[in-house]
Amino acid sequence: MCGYDFGLVRRRVKFSIVIPTYNEAGGIEKLVTSLGDLFAAKGLDGELIVVDDNSPDGTGAIVDALAGRYPVRCLHRPGKMGLSSGVIDGWNFARPESTALGCMDADFSHDYTIVPKLVEAIASGTYGLAVGSRYVRGGGIENWPLKRKITSIIACAMAWPLTPLRDITSGFLLVRRDALDGIVLDPIGFKIGLEVAAKARYGKFIEVPYVFKDRVVGESKLNGKEITNYLKQLRRLYTGRVFPNRSKATAAPSLVKRAPEVAAEPAAEQRA
Ligand SMILES: Nc1nc2c(ncn2[C@@H]2O[C@H](COP(=O)(O)OP(=O)(O)O)[C@@H](O)[C@H]2O)c(=O)[nH]1
Ligand SMILES: [Mg+2]
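Here is the structure:
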């Protein structure tokens, strides 16, 4: 995977990236405009879906105001319903012609400049899943205290038997839409990347390195409840592996809707 030459790839893929937000007014405009400008500069056919949970700081209204000028739409939900469920709802809201679906955080901790590499990996037809990764050569974490780094590595290591990916907890990814066909995703908590990596049918994957930066604006929504949710999610995934017929998702397990015109002819889109 390391010798993969992104520069040789010239195919075009339509994609939608979901950005879940709760109180991200401080940075969302900059992120949307930066990504929109990057798509235009690189000739990428991407749309952004911001899934806002009625943020009291007005994040949703900021996104609505950008919608005519940038390739962005806002899905408004009535209240704080969680990151993973936001990503799943956003994927179902995405335009049907997108053959790849992605997600990233709104706080610039995910380096948006690697998005073209994620897109090109999928467009190559070689990879069904491209993940922004802190834990491959060239990746890393800036400004985290040792304790938080160790906690993150332990969190990843707990899921390593479920997936060959090194960085499964960052939630920065792009996946072929048809890899999600018929897959029941558990909308619990923060770790949608783990759900996709453990359940989707993506074939080969690639981890694209990036350096994670802690947010500079706004506050983290990660709390003790999310850690408990992560443990619940892991328990369900392990149970599902050992007893496939007994596995249960949360009360509202979610399917990503199939886009018929896309799913019917995925190979043609790759060659376009
Ligand atoms: N829609 C929605 N977004 C959320 C929710 N919780 C967190 N987010 C968003 O998910 C992303 C990651 O959250 P963040 O607070 O940065 O978590 P951390 O990076 O683990 O500290 C950010 O874009 C948040 O605004 C939620 O309940 N609903
Ligand atoms: Mg964050």
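Counting from 5, one number per residue, gives the positions in the sequence shown under this note's numbering.
Built from N, CA and C at the ideal position, the CB exists for glycine as well.
- The three-state reading of DSSP puts Asp218 in coil, since its state is none of H, G, I, E or B.
- In this structure, Gly228 has its CB at a distance of at least 6 Å from all heavy atoms of ligand 1.
- Sequence-distant Cβ neighbours of Ile32 in its own chain, meaning closer than 8 Å and more than five residues away, are Ile23, Thr25, Val54, Thr63, Ile66, Val67, Ala110.
- With contacts defined by Cβ atoms closer than 7 Å, Glu124 and Lys217 do not form a contacting pair.
- Around the CB of Asp56, 16 or more other CB atoms lie within 10 Å, so the residue is classed as buried.
- Look at Lys121 here: in three-state DSSP terms it is helix.
- Those residues that bring their Cβ nearer than 6 Å to a heavy atom of ligand 2 are Asp109, Asp111, Ser113, Arg219, Ser224.
- As the crow flies, the alpha-carbon of Val179 is around 12 Å from that of Lys203.
- Closest option to Ser137, judged by alpha-carbon separation, among Gly129, Lys121, Pro60: Lys121.
- Using a Cβ distance threshold of 7 Å, Pro75 and Gly106 do not count as a contacting pair.
- In this structure, ligand 1 has a non-hydrogen atom nearer than 6 Å to the beta-carbon of Gly90.
- For Pro82, the CB stays at least 6 Å from every heavy atom of ligand 1.
- Using a Cβ-Cβ distance cut-off of 8 Å, the region 152 to 162 and the region 182 to 194 are not in contact, since fewer than three pairs of beta carbons, one from each stretch, lie closer than that value.
- Annotation for Ile118: Gly136, Val212, Tyr214 place their beta carbon closer than 7 Å to its own, counting only its chain and skipping 5 residues before and after.
- The distance from the Cβ of Leu133 to that of Ala183 is about 7 Å, consistent with a contact at the 8 Å cut-off.
- Counting other Cβ atoms within 10 Å of its Cβ, Phe247 stays below 16 and is therefore classed as exposed.
- At least one heavy atom of ligand 1 is found less than 6 Å from the C-beta of Tyr26.
- Judged by the Cβ position, Gly62 fails to qualify as a neighbour of ligand 1 at the 6 Å threshold, every heavy atom of the ligand being at least this far.
- Look at Lys153 here: in three-state DSSP terms it is helix.
- Boundaries for Leu48: no beta strand (DSSP E) harbours it, and the DSSP string shows neither H nor E there.
- In the structure shown, Lys208 falls within a coil segment according to DSSP collapsed to helix, strand and coil.
- A Cβ-Cβ contact shorter than 7 Å links Lys195 with Thr173.
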